[in-house]
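Accompanying notes for the structure given below.
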Amino acid sequence: MDLLGVFFHGATLAFERDDLGREIMGIAVPGALALMADPLASLVDTAFIGRIGPVEIAAVGVSIVVFNQVTRIAVFPLVSVTTSFVAEEDATSSDRNKDEISGENEHNVSEMDELITHEENNATSSKSSFETDSSEINTEHKRKKIPSVSTALLLGGVLGLVETLLLVSCAKPILDFMGVKAYGVSGAAVAHVISQYFIAAILVCRLRLQVELLPPNLKHLPIGRFLKNGSLLLARVIAATCCVTLSASMAARLGPTQMAAFQICLQIWLASSLLADGLAFAGQAILASAFARKDHSKAKATASRLLQLGLILGLLLGLLLGVGLHTGSRLFTEDQGVLHHIYVAIPFVALTQPINALAFVFDGVNYGASDFAYAAYSLILVAIVSIAFIVTLANYSGFIGIWIALSIYMCLRMFAGLWRIGTARGPWAFLRS
0 MDLLGVFFHG
10 ATLAFERDDL
20 GREIMGIAVP
30 GALALMADPL
40 ASLVDTAFIG
50 RIGPVEIAAV
60 GVSIVVFNQV
70 TRIAVFPLVS
80 VTTSFVAEED
90 ATSSDRNKDE
100 ISGENEHNVS
110 EMDELITHEE
120 NNATSSKSSF
130 ETDSSEINTE
140 HKRKKIPSVS
150 TALLLGGVLG
160 LVETLLLVSC
170 AKPILDFMGV
180 KAYGVSGAAV
190 AHVISQYFIA
200 AILVCRLRLQ
210 VELLPPNLKH
220 LPIGRFLKNG
230 SLLLARVIAA
240 TCCVTLSASM
250 AARLGPTQMA
260 AFQICLQIWL
270 ASSLLADGLA
280 FAGQAILASA
290 FARKDHSKAK
300 ATASRLLQLG
310 LILGLLLGLL
320 LGVGLHTGSR
330 LFTEDQGVLH
340 HIYVAIPFVA
350 LTQPINALAF
360 VFDGVNYGAS
370 DFAYAAYSLI
380 LVAIVSIAFI
390 VTLANYSGFI
400 GIWIALSIYM
410 CLRMFAGLWR
420 IGTARGPWAF
430 LRS
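The numbers in numbering that gives the first Met the number 0 rise by one with no breaks, and the one at position 251 of the sequence shown is 250.
Structure, rendered in structure tokens:
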């Protein structure tokens with residue numbers, strides 16, 4: 000089956016509220032809201048700080064870029080592999096539970112047929128049915144045992160400590176390399192740190208109600224599998240964030256006005272794209288479950304639906320940002336120099352939204368198929384080419400050159416994801432049949 004066949008498979012059902020549509024939205028909507036919490040908080044910070052001046056916006060922009068670089072390197076690989084592994088383990092464990100319940104029911108029925116009379120059988124069947132229903136209800140409320148959750152929390156704690164040490168020890172050298180001098184904006188940073196701890200505490204308490212956080216034995220933790228696939232995604236994340244960080248570095252070297260405009264546009268660009276990332280996470284979870292069950296028909300239907308929704312979402316976001324940014328940019332600053340550069344970047348921010356949405360969805364689709372090796376190596380090649388464009392175009396065309404280079408980067412990233420499914424290779428080889 001060719002790429003068009005996958006893309007337009009069930010296209011008339013894109014907005015259908017069937018089981019697949021509800022399953023996707025049930026994960027995508029809360030996932031997108033969670034992913035957008037941080038960028039929206041940063042946008043609020045930028046809006047308030049923008050009233051102070053462009054230098055302060057530039058300072059916050061550089062700080063966010065450095066923080067996001069370290070955070071993505073430490074956290075994103077873990078989040079990505081955890082999503083796939085938890086979905087796979089949950090799917091296989093649900094299948095095992097169904098088989099066990101089915102076997103127990105068959106055994107109970109055979110015993111009743113042999114040992115009790117017809118009248119007693121009717122009464123006992125009602126009682127047995129009631130007990131079985133009660134047992135299933137209790138099972139639903141029982142906390143699940145998923146080793147990948149415990150492993151992710153353990154590795155997340157370790158990575159958090161490493162991230163803290165990296166930020167403490169490397170922040171100054173990184174800022175010096177980017178050509179940034181000392182700025183004095185600390186209130187937003189303190190508020191951001193407090194909010195992160197508060198959110199983390201809420202999430203852990205909520206997770207504790209659903210899943211057993213402490214494993215019965217450390218041998219049950221799939222640490223080796225996490226490290227193997229996590230290292231591949233670590234290389235991918237470093238390659239991806241290097242492109243964005245290098246772009247911010249080139250903008251910072253142009254001056255505080257250009258950096259302030261770049262910071263505002265970049266935050267809006269990334270925040271809107273994270274809506275598509277919610278679709279990607281939904282697709283990753285559903286596809287990981289489908290591949291674990293070897294349900295290729297559902298995998299194909301899910302991939303098709305996600306690509307269709309991603310394209311539609313990207314077009315809507317592009318239209319919204321193209322119209323709204325002209326007036327909405329004044330919420331962040333009144334500086335005419337900054338506004339001028341924002342207006343220059345608006346076409347790139349708006350027109351790349353469909354490309355961004357498809358790129359993120361392709362990422363989620365390939366992660367769901369556990370195609371981590373291809374995802375890593377392909378993006379490393381994309382980053383090498385993109386870095387050459389960023390350096391060259393920034394030197395020759397300045398601010399607009401940076402945005403042209405970022406647009407090229409996202410086009411290459413989308414093409415890398417499209418190529419894997421379009422050629423029906425790797426885990427998608429079944430599409431040829």
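Cβ atoms here follow ideal geometry from the backbone N, Cα and C, with glycine treated the same way.
Check residue i in the structure and name its three-state DSSP category.
i    : result
T301 : helix
A423 : coil
D362 : helix
D434 : Beyond the ends of the chain as shown, which are 0 and 432, falls residue 434; an answer cannot be given.
F331 : coil
R16  : coil
T244 : helix
S385 : helix
T351 : coil
S396 : helix
S377 : helix
S432 : coil
Hey, would you say residue i sits closer than 8 Å to residue j, going by beta carbons?
i    : j    : result
L312 : L274 : yes
S271 : Q335 : no
A279 : G363 : yes
W402 : F347 : yes
A291 : A344 : no
A298 : A289 : yes
L286 : A302 : yes
S385 : I354 : no
A238 : L378 : yes
G321 : A27  : no
L305 : I23  : yes
A328 : L338 : The identity of residue 328 in the sequence shown is Ser, whereas the question assumes Ala. A contact, by the Cβ cut-off of 8 Å.
Which residue marks the beginning of the alpha helix (DSSP H) containing residue i, and which one marks its end?
i    : result
A287 : P255 to A291
Check the C-beta distance from residue i over to residue j and give it rounded, since I have them as a contact under 8 Å.
i    : j    : result
L316 : A356 : 7 Å
A375 : L231 : 4 Å
G416 : A368 : Their Cβ separation, rounded to whole angstroms, is 11 Å, which puts G416 and A368 out of contact at 8 Å.
D370 : G425 : 5 Å
F398 : Q307 : Between Q307 and F398 the Cβ distance is about 35 Å, and since that is not below 8 Å, they are no contact.
A382 : A393 : Rounded, the Cβ-Cβ distance is 16 Å, inconsistent with contact.
G309 : V360 : 4 Å
I389 : I263 : That belief does not hold up - the Cβ atoms of I389 and I263 are roughly 19 Å apart, past 8 Å.
I267 : L330 : Not really, about 11 Å apart at Cβ, beyond 8 Å.
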